[in-house]
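Just below is one structure, and these are the notes that go with it.
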Amino acid sequence: MAFDYGDRTGYEPISDVDRKEFHEQGFLLLRNVLTEDHRAALEAAVDRVYEEEKAKGKTTKDGTLHLLGFLDRDELFGDLLTHPIAFPYMWGLAGWNIYSHHNHLDVTPPALEPEKPYWGWHQDGYRQNSDPETMDPNLPRPMFSLKVAYVLSDLSEKGRGATKVIPGSHLWNSLPRPADTTVHNPDPEGTVEITANPGDAFIFDRRQWHSRSTNLSTITRKMLFVGYTYRWIRPLDELHIDKDGEWWANRTPVQRQLCGEGTHTANYWGINWDGYIDDEIPLRKELKQRGLLNRNIPWLR
Numbered sequence: 031m032a033f034d035y036g037d038r039t040g041y042e043p044i045s046d047v048d049r050k051e052f053h054e055q056g057f058l059l060l061r062n063v064l065t066e067d068h069r070a071a072l073e074a075a076v077d078r079v080y081e082e083e084k085a086k087g088k089t090t091k092d093g094t095l096h097l098l099g100f101l102d103r104d105e106l107f108g109d110l111l112t113h114p115i116a117f118p119y120m121w122g123l124a125g126w127n128i129y130s131h132h133n134h135l136d137v138t139p140p141a142l143e144p145e146k147p148y149w150g151w152h153q154d155g156y157r158q159n160s161d162p163e164t165m166d167p168n169l170p171r172p173m174f175s176l177k178v179a180y181v182l183s184d185l186s187e188k189g190r191g192a193t194k195v196i197p198g199s200h201l202w203n204s205l206p207r208p209a210d211t212t213v214h215n216p217d218p219e220g221t222v223e224i225t226a227n228p229g230d231a232f233i234f235d236r237r238q239w240h241s242r243s244t245n246l247s248t249i250t251r252k253m254l255f256v257g258y259t260y261r262w263i264r265p266l267d268e269l270h271i272d273k274d275g276e277w278w279a280n281r282t283p284v285q286r287q288l289c290g291e292g293t294h295t296a297n298y299w300g301i302n303w304d305g306y307i308d309d310e311i312p313l314r315k316e317l318k319q320r321g322l323l324n325r326n327i328p329w330l331r
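The working numbering numbers the first residue of the sequence shown as 31 and each following residue consecutively.
Pasting the structure below:
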């Protein structure tokens, strides 16, 4: 299916203003990323996958679904890897030697009972928050990965299960935790609930301290999250892509890179066996041909 994004190709450089805001705040809210027909088609695909998973008993008792590695479940999901509006932020903020190591489809129906005490504040990355850390608590850990979240349902009001973030907290290595998490505790100072319209998207640094929230509305929250990291980092989600099937055949060289394809082990490190940069890595090749490599931006060299 083709959707009208005008002359957008996915290879338009992001602005210095957006880059500065992302580096300072740790996230960006992007309005009207999906056209309405694209959003509706994605929602229909999500609904189909939801029913398939529900039939297999994969949803929780309240109907919640958190499905990892969803990209190959529909053509539309695979094409999100290079979405013409969101994708420039991925290579613009992380560079050309990237792939999607982690992606999830979330459906969150209205809660069946009142909100329980819950402290869900965390940074993504698991051991990425420990293994590379220095002994200096004032030295932020590396970003390593980022996510784009596509909003398919109406999250324009608080209380609909939206993601909560603390702007600027991606530069903090720790967040004070209440002594008693069995009672309701206020959100940390500076918390923002990302209220968004259907078709909006937001991008966030994996280090951003964030939390889910309880869906206390009558709206079912539907979201698609696509994470990107460096190709020398191992995948988090287990994928089951049929390399002989139609879905894989329809992927572009750049999308195949973003699904984890590489020619040899050194290639994942961005080089050939001679130690020099591999200019045939699909995303690097594409950016180079378009004159988008930039010696002044380390990850775009």
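Just so you know, even glycine gets a beta-carbon here, dropped at the ideal spot from N, CA and C.
Query                                                                                                                                                  : Result
Run through DSSP, which three-state label would R190 get?                                                                                              : strand
Do three or more CB pairs link the stretch 124–140 to the stretch 89–104 at distances below 8 angstroms?                                               : yes
So the beta strand (DSSP E) D304 belongs to, where does it begin and stop?                                                                             : No beta strand (DSSP E) contains D304, which DSSP labels as neither H nor E.
Between the stretch 252–268 and the stretch 217–225, are three or more C-beta pairs nearer than 8 angstroms?                                           : no
Which residue wins for smallest C-alpha separation from R61, given the options G229, Q55, W277 and G300?                                               : G229
If you drop the 5 nearest sequence neighbours on each side, which residues of the same chain put their C-beta closer than 7 angstroms to that of K318? : D309
What number of angstroms, rounded off, separates the C-alpha of V178 from the C-alpha of L110?                                                         : 10 angstroms
Rounded to a whole number of angstroms, what is the C-alpha to C-alpha distance between Y148 and K84?                                                  : 26 angstroms
Quickly, what does DSSP pair F255 with across the bridge? List them, please.                                                                           : H134 and A179
Using DSSP with H/G/I as helix, E/B as strand and the rest coil, what is N280?                                                                         : coil
Between P118 and the rest of its own chain, which residues show a CB-CB distance below 8 angstroms, the 5 nearest in sequence each way excluded?       : G40, Y41, E42, P43 and I44
CB-CB under 8 angstroms to K88, same chain, minus the five flanking residues each way: which ones, in chain order?                                     : L95 and L97
Using 8 angstroms as the Cβ pair cut-off and three pairs as the minimum, do the stretch 200–210 and the stretch 237–250 touch?                         : yes
Below 7 angstroms between beta carbons: does that hold for I233 and L106?                                                                              : no
Would DSSP call D48 helix, strand or coil?                                                                                                             : helix
Alpha helix (DSSP H) containing D235: first to last residue?                                                                                           : Taken as a continuous stretch (DSSP letters only), D235 belongs to no alpha helix (DSSP H), being part of the beta strand (DSSP E) at A231 to D235.
What does DSSP give as the partner residues of L317 in its beta bridges?                                                                               : Paired residues: none, contrary to the question.
Which runs of the alpha helix (DSSP H) at least 4 residues long sit entirely within the stretch 33–81? Give them in chain order.                       : 46–55
Shortest alpha-carbon distance to H53 belongs to which of P167, T211, E187 and M173?                                                                   : M173
Give the secondary structure of S160 by DSSP, where H, G and I count as helix, E and B as strand, and everything else as coil.                         : coil
What is the DSSP secondary structure of S199, reduced to helix, strand or coil?                                                                        : helix
Given E163, which residues of its chain have a CB within under 6 angstroms of its CB, disregarding the five upstream and five downstream residues?     : R171
On the DSSP bridge list, what partners appear for S241?                                                                                                : K194
Near T65, what residues of its chain come up, given a Cβ to Cβ distance below 8 angstroms and the 5 sequence neighbours on each side ignored?          : F33, D34, Y35 and G229
Pull the bridge partners of H152 from the DSSP assignment, please.                                                                                     : H240
Using the Cα positions of Q189 and A209, report the straight-line distance between them to the nearest angstrom.                                       : The question names Gln, but residue 189 in the sequence shown is Gly. Each residue's alpha carbon lies about 25 angstroms from the other.
Going by beta-carbon coordinates alone, are G292 and Y298 separated by less than 7 angstroms?                                                          : yes
According to DSSP, A226 sits in a beta bridge with which residue or residues?                                                                          : L185
With a threshold of 16 other CB atoms inside 10 Å of the CB of G275, please say whether the residue is buried or exposed.                              : exposed
From T248 to P140, what distance separates their C-alpha atoms?                                                                                        : 6 angstroms
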